[in-house]
Amino acid sequence: MEALQKVGIDIEKIHHEVAPGQYEVVIKYTDPIKAADSLIITKYIIESVAESYKLHATFMPKPFAHYNGSGMHIHMSLFNVASGRNAFYDPLKDDGFSVIGKQFIAGNLNRLKEGNLLLNSSVNSFKRLVPGYEAPVYLCWGKKNRSAAIRIPDITQRSLEDSHGAPMRVEFRITDGSCNPYLAFAVTIAAGLKGIAEKYPLEKIEPAKTLPANLHEAILAM
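182 is the number of the first residue of the sequence shown in our numbering; add one for each residue after it.
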């Protein structure tokens, strides 16, 4: 944490995760390019500091077969530059999630199978995407379902009202640390904006479709 702070990486929190020796590091939100830069630097520093203590830090998606794998969850929100308002928030909706936000998710669900290779880029990526380890295996969206590729995080109404909807966001649970973050961010943003531009409807939560099962299938899908 100290090493990251010294180079200006703003870490919101760090905590132990489910598997032995597994930790989650949360980098503070920013624009996509800076976020990708911060991610690359963070991984490099963690690996370097670990090595200085004769330890090995890995960002492999599934280093151990019988423990939870390591994803790289991407949280995205879309702000109007002119007004400063979060386009994913609508106070008139029961859950506070806007039509634009749903179109953004629909755009990604429409393209995730083809773009999956940019989010899961290694053979090892697909060893993580199996049932039973809180990893997404279905090409669907959800709210509390951790098996969904895309999730709307549960945010309290009070928190949304106090911040004028700023925390409302979409979580991509499918991505892992083997990806190129610049390409991963680009494909998810492009697909989401296409969904907004063409007003894609968001279907009901129905985990009927599965993601590519291995790297070969992901390459063919792309």
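Yeah, the Cβ is synthetic: ideal placement off N, Cα and C, and Gly gets one too. In this text, all values refer to a predicted model and were calculated from it rather than measured experimentally.
Burial state of residue i (16 or more Cβ within 10 Å)
i      : result
Gly357 : Looking at the sequence itself, residue 357 is Asp, so the reference to Gly does not match. Asp357 should be labelled buried.
Met182 : exposed
Ile333 : buried
Val311 : exposed
His293 : One point to set straight first is that residue 293 is Leu, not His, in the sequence displayed. With 16 or more Cβ atoms within 10 Å of its Cβ, Leu293 is classed as buried.
Arg350 : buried
Leu341 : buried
Arg339 : exposed
Gly288 : buried
Val368 : buried
Phe245 : exposed
Arg354 : buried
Leu236 : exposed
Gly376 : buried
Arg309 : buried
Asn395 : exposed
First and last residue of the uninterrupted alpha helix (DSSP H) at residue i
i      : result
Lys187 : 183-187
Arg332 : It is not in any alpha helix (DSSP H) - Arg332 instead sits in the beta strand (DSSP E) that spans 329-332.
His397 : 396-402
Glu342 : 338-343
Ser306 : 306-309
Cut-off 6 Å between Cβ atoms - residues of its own chain near residue i, not counting five sequence neighbours on either side
i      : result
Met403 : Glu295, Leu298
Met241 : Asn305
Lys324 : Ile333
His256 : Arg350, Glu352
Pro393 : Asn297, Ala399, Ala402
Leu364 : Leu299
Lys390 : Leu320
Pro362 : Ala217, Leu220
Neighbourhood of residue i by C-beta distance below 8 Å, restricted to the same chain and skipping five residues each side
i      : result
Val207 : Ile192, Glu193, Lys194, Ile195
Val199 : Tyr248, Asn249, Glu315
Pro226 : This sequence places Ile at residue 226; Pro is not what is there. For Ile226, where only same-chain residues beyond five positions count, the Cβ hits under 8 Å are Ala184, Leu185, Val188, Ile190.
Lys380 : Gln284
Trp322 : Ile286, Leu290, Ala329, Ala330, Ile331, Arg332, Ile333, Leu383, Ile386
His345 : Arg266, Asn267, Tyr270
Phe278 : Phe269, Tyr270, Asp271, Ile333, Met349
Lys224 : Phe240, Gly358
Span of the beta strand (DSSP E), counted from its first residue to its last, around residue i
i      : result
Phe353 : 351-353
Lys224 : Unbroken run through Lys224 is the alpha helix (DSSP H), 213-233; no beta strand (DSSP E).
Ile281 : Here Ile281 belongs to no beta strand (DSSP E); instead the alpha helix (DSSP H) covers 280-300.
Gly323 : 319-323
Met257 : 255-257
Per DSSP, cross-strand counterpart(s) of residue i
i      : result
Val207 : Lys194
Tyr381 : Looking at the DSSP assignment, Tyr381 forms no beta bridge with any residue, so it has no partner.
Asp275 : Answer is none; Asp275 lacks a bridge partner.
Tyr270 : Phe278
Phe260 : Asn267
Gly252 : Asp357
Thr391 : Tyr319
Cut-off 7 Å between Cβ atoms - residues of its own chain near residue i, not counting five sequence neighbours on either side
i      : result
Ile400 : Leu298
Ile222 : Val188, Ile190
Below 8 Å, can you find three or more Cβ-Cβ pairs linking the stretch 366-374 to the stretch 264-280?
no
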